[in-house]
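**Q**
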């Protein structure tokens, strides 16, 4: 359980850091969705940019079976490498956005 608590902290800190670096606008809000009861974490943007509606997930990370699952990364930051630099072992990181049959070639956990 201590490992999961540590992973929650890493995820929320990383998403808050990423959110702070996003371009700011009075019309587009950056939202943090931290569901610690079910271990779903998202960095989201919503609002209007001139005549265009913005509504999208920038980053989505889950904790499943005591592992960090990177479900979506809409940034240029290599999230998996960031987690490794924080001390998370590669075998505790799953690249959920990769097809299951490809995961064995990523250097990270398959599931």
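Numbering (our numbering), first residue to last: 132 to 242. Idealized CB from N, CA, C, for every residue including glycine.
1) Mind checking which residues open and close the beta strand (DSSP E) that includes residue 187?
2) For residue 197 versus residue 135, is the C-beta spacing smaller than 8 Å?
3) Among 215, 237 and 220, which has the Cα closest to the Cα of residue 227?
4) How big is the Cα-Cα spacing for residue 162 and residue 146?
5) Considering only the alpha carbon of each residue, which of 140, 203 and 199 lies closest to residue 174?
6) Looking at residue 181 and residue 189, is the spacing between their C-beta atoms short of 8 Å?
7) What does residue 215 pair with, by DSSP beta-bridge criteria?
8) Do the CB positions of residue 224 and residue 211 come within less than 8 Å of each other?
9) Give the DSSP bridge partners of residue 162, in chain order.
10) Among the residues of its own chain, which have a CB less than 7 Å from the CB of residue 239, if the five just before and after it don't count?
11) Please report how far the alpha carbon of residue 167 lies from the alpha carbon of residue 235, in whole angstroms.
**A** According to the data block:
1) By one-based count along the chain shown, residue 187 stands at place 56. Counting along the chain, the beta strand (DSSP E) containing residue 187 begins and ends at 183-195.
2) Counted from its first residue, the chain shown places residue 197 at position 66. Counted from its first residue, the chain shown places residue 135 at position 4. Yes. Within cutoff.
3) One-based indexing of the chain shown puts residue 227 at position 96. Of 215, 237 and 220, the smallest CA-CA separation from residue 227 is found for 237.
4) Translated into the one-based positions of the chain shown, residue 162 becomes position 31. Translated into the one-based positions of the chain shown, residue 146 becomes position 15. Going from the Cα of residue 162 to the Cα of residue 146 covers about 10 Å.
5) Position 43 of the chain shown holds residue 174. Looking at the Cα atoms, 203 is the closest of the given residues.
6) Counting from one through the chain shown, the residue named residue 189 turns up at place 58. Counting from one through the chain shown, the residue named residue 181 turns up at place 50. Cβ atoms of residue 189 and residue 181: not closer than 8 Å.
7) Along the chain shown, one-based indexing puts residue 215 at 84. None; residue 215 has no bridge partner.
8) Translated into positions along the chain shown, residue 224 becomes position 93. Translated into positions along the chain shown, residue 211 becomes position 80. Yes, the pair counts as a contact, with Cβ atoms nearer than the cut-off.
9) Translated into positions along the chain shown, residue 162 becomes position 31. In the DSSP output, where bridge partners are listed per residue, residue 162 has 175.
10) Looking up residue 239 in the chain shown gives position 108. By the criterion of a C-beta distance shorter than 7 Å, residue 239 is surrounded in its chain by 211, 221, 224, 225 and 226, once the five residues flanking it on both sides are discounted.
11) By one-based count along the chain shown, residue 167 stands at place 36. By one-based count along the chain shown, residue 235 stands at place 104. Using only the alpha carbons, I get a separation of about 29 Å.
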